[in-house]
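Trainee: Here's a structure for you.
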Amino acid sequence: MDDRDYIVGIDLGGTKIAAAAFDRNHKRLGNVQSIPTMARQPTALTLMNLKRVVGQARRGAEREDAPLAIGMGSPGPLDTQRGLLLQIDTLPNLSNFNMSGFVEAELEAPLFLENDANCFALAEALAGAGREHSIVAGLTLGTGFGCGIVVDGQIQTGARGNAGEVSHCRVAGGTFDEMLSGSGVQRLYQGIAGKEAPPPKELGKMAEEGDTDATATWEAYGAALGQGIGMICAVVDPSICVVGGSVARRFSLFQVSLEREMRPWLCSPSAEEIQVVPAQLDNTAGVTGAAEYAFLHLGAAER
């Protein structure tokens, strides 16, 4: 490491960009900062917002110098070796964008880029619900479905960087992205209630207030999710699955049907022992995991 003494973690999403600074002891300095991505506006606006949110994180950490490094979690597909964003549905104005070159030129720091679900899983494995477990599956339920696998504190990326990329695999009559994301909750409600679905957040409130169609929707969602998690656990055999993202905030509404559907997919003793729990880090997981990813790479470079 050089004389610079902090890292910035960035969670780049289609809706917002979040950032926070961390010292060499992995302690967050100040609050997580957030700003709209403007992903369907001209590229320059998104890049301006990226620079702005990093500036806010630096000011919150009371740092004026450039960071030692920047870790970034982003939706895929990515070329993490070259620091490229490829054809990302939720970031259309950054297709085939050289993020590494931009960060090094404009923010004066090297970039360590990784899939956002992998960053989420790493954060929960090191500092959240999975911190006492050696094999952690981290699942993000939000605009899409993300999956990251962490073994002994290391992200498992596979031979080509695609380990855990199940979003286009088939489950419950559609893809993981279609059926196990927020839009999947809405699809299920439309099929059950026969009318247009409100956003998942509103469906959660409706279920909590006793709406029978909304309650049935979350039970059906849990069953579909149980199939998906069952498939992942049958292959990976983690000791714990941590679920996060906006949809996971309604975990209590679908936990029972999830568990009921998932267990039969698994052999004993996995069927009895694998835990499925909500995330502990909530909205800080993305930036924490991105920073931890940078720390891991810097540590490897020092060795």
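Residues 1184 to 1486 in the working numbering are what the sequence shown lists, from first letter to last. By construction, the Cβ of each residue, glycine as well, lies at the ideal position given by its N, Cα and C atoms.
For Pro1461, which of Glu1442, Glu1444 and Gly1427 has the nearest alpha-carbon?
Mentor: The sequence position of residue 1461 within the sequence shown is 278, counting from 1. The candidate whose alpha carbon is nearest that of Pro1461 is Gly1427.
Trainee: Short check: CB of Ile1318 to CB of Pro1421, under 7 Å?
Mentor: As a working note, residue 1318 is residue 135 in the sequence shown. As a working note, residue 1421 is residue 238 in the sequence shown. Contact: yes.
Trainee: Starting from Asn1281, follow its DSSP beta bridges and name the residues at the other end.
Mentor: As a working note, residue 1281 is residue 98 in the sequence shown. According to DSSP, which records beta bridges pairwise, Asn1281 is partnered with Leu1267.
Trainee: Using the beta-carbon count (16 or more within 10 Å), is Pro1250 buried or exposed?
Mentor: Residue 1250 sits at position 67 when you count from the first residue of the sequence shown. Buried, by the Cβ-count rule.
Trainee: For a quick check, are the C-beta atoms of Lys1437 and Tyr1476 less than 7 Å apart?
Mentor: One-based indexing of the sequence shown puts residue 1437 at position 254. One-based indexing of the sequence shown puts residue 1476 at position 293. At residue 1437 the sequence reads Phe, which differs from the Lys that was named. Cβ distance not < 7 Å, so Phe1437 and Tyr1476 don't count as in contact.
Trainee: Residues in its own chain within less than 8 Å of Asn1279 by CB, not counting five upstream and five downstream?
Mentor: Your numbering for residue 1279 matches position 96 in the sequence shown. Once the five neighbours on either side are set aside, the close Cβ partners of Asn1279 are Leu1267, Leu1268, Leu1269 and Gln1270.
Trainee: Taking the Cβ atom as the reference point for each residue, do Gly1327 and Ser1364 lie within a distance shorter than 7 Å?
Mentor: If you number the sequence shown from 1, residue 1327 lands on position 144. If you number the sequence shown from 1, residue 1364 lands on position 181. Yes; because the gap between Cβ atoms is below 7 Å, this pair is in contact.
Trainee: Assign Phe1248 to one of two classes, buried (16 or more other C-beta atoms within 10 Å of its C-beta) or exposed (fewer than that).
Mentor: The sequence position of residue 1248 within the sequence shown is 65, counting from 1. Before going on, a small fix: residue 1248 reads as Asp here, not Phe. Asp1248 should be labelled exposed.
Trainee: Cutting at 7 Å between CB atoms, please list the residues of its own chain near Gly1387, excluding the five before and the five after it.
Mentor: Mapped onto the sequence shown, residue 1387 falls at position 204. Contacts found: Arg1433 and Leu1436.
Trainee: Can you list, in chain order, the stretches of the alpha helix (DSSP H) that have 4 or more residues and sit fully within the segment 1409-1448?
Mentor: If we require 4 residues or more, the alpha helix (DSSP H) runs fully inside the segment 1409-1448 come out as 1434-1445.
Trainee: Would a C-beta distance cut-off of 7 Å place Val1349 and Phe1359 closer than the cut-off?
Mentor: Along the sequence shown, read from residue 1 onward, the residue named residue 1349 stands at position 166. Along the sequence shown, read from residue 1 onward, the residue named residue 1359 stands at position 176. Taking 7 Å as the Cβ cut-off, Val1349 and Phe1359 qualify as a contacting pair.
Trainee: With DSSP run on the structure shown, which of helix, strand or coil describes Thr1400?
Mentor: Mapped onto the sequence shown, residue 1400 falls at position 217. Three-state DSSP puts Thr1400 in a helix.
Trainee: Quick check on DSSP: helix, strand or coil for Gln1224?
Mentor: In the sequence shown, the residue the question calls residue 1224 occupies position 41. Coil.
Trainee: What's the C-alpha gap between Ala1355 and Gly1254?
Mentor: Working through the sequence shown from its first residue, we reach residue 1355 at position 172. Working through the sequence shown from its first residue, we reach residue 1254 at position 71. Roughly 35 Å between the two C-alpha positions.
Trainee: Which value, in whole angstroms, describes the spacing of the CA atoms of Leu1163 and Thr1226?
Mentor: The structure shown does not extend to residue 1163, since the chain spans only 1184 to 1486, so no value can be given for it.
Trainee: For the segment 1467-1482 against the segment 1438-1449, do three or more pairs of beta-carbon atoms, one drawn from each stretch, fall closer than 8 Å, so that the two count as touching?
Mentor: Judged by Cβ distances under 8 Å, the segment 1467-1482 makes no contact with the segment 1438-1449, as fewer than three pairs qualify.
Trainee: Take the Cβ of Ala1201 as the centre, count every other Cβ of all protein chains shown within 10 Å, and call the residue buried at 16 or more, exposed below.
Mentor: Counting from 1 along the sequence shown, the entry for residue 1201 is found at position 18. Buried, by the Cβ-count rule.
Trainee: Excluding the 5 residues flanking Glu1456 on each side, which residues of the same chain have their C-beta closer than 8 Å to its C-beta?
Mentor: Here the question's residue 1456 lines up with position 273 in the sequence shown. Only Ser1422 meet the Cβ criterion.
Trainee: How many angstroms separate the CA atom of Ala1406 from the CA atom of Val1439?
Mentor: By 1-based counting over the sequence shown, the position of residue 1406 is 223. By 1-based counting over the sequence shown, the position of residue 1439 is 256. If I take the Cα positions, the gap works out to 9 Å.
Trainee: Can you tell me whether Cys1450 is buried or exposed, with buried defined as 16 or more other CB within 10 angstroms of its CB?
Mentor: What you label residue 1450 is simply residue 267 of the sequence shown in a count that begins at 1. That one is exposed.
Trainee: Could you give the DSSP three-state label for Asp1299: helix, strand or coil?
Mentor: As a position in the sequence shown, residue 1299 is number 116, starting the count at 1. Note: Asp1299 maps to helix in three-state DSSP.
Trainee: Shorter than 7 Å from the beta carbon of Thr1398 to some beta carbon of chain B?
Mentor: Absence of chain B from the displayed structure is noted, only one protein chain being present.
Trainee: Tell me which same chain residues have a C-beta within less than 6 Å of the C-beta of Gln1448, skipping the five on either side of it?
Mentor: Counted from its first residue, the sequence shown places residue 1448 at position 265. What sits at residue 1448 in the sequence shown is Trp, not Gln. Around Trp1448: Gly1413 and Ala1417.
Trainee: Mapping the DSSP letters down to three states, classify Thr1395 as helix, strand or coil.
Mentor: Residue mapping note: residue 1395 aligns to position 212 of the sequence shown, counting from 1. It is helical.
Trainee: If you draw a straight line from the alpha carbon of Pro1383 to that of Arg1187, how long is it in whole angstroms?
Mentor: One-based indexing of the sequence shown puts residue 1383 at position 200. One-based indexing of the sequence shown puts residue 1187 at position 4. Roughly 43 Å separates the two Cα atoms.
Trainee: Kindly indicate the opening and closing residues of the alpha helix (DSSP H) around Gly1365.
Mentor: Looking up residue 1365 in the sequence shown gives position 182. Here the alpha helix (DSSP H) through Gly1365 covers Gly1365 to Ala1376.
Trainee: Classify Asn1208: buried if its beta carbon has 16 or more other beta carbons within 10 angstroms, exposed otherwise.
Mentor: Within the sequence shown, the letter at position 25 stands for residue 1208. When all chains shown are included, Asn1208 counts as exposed.
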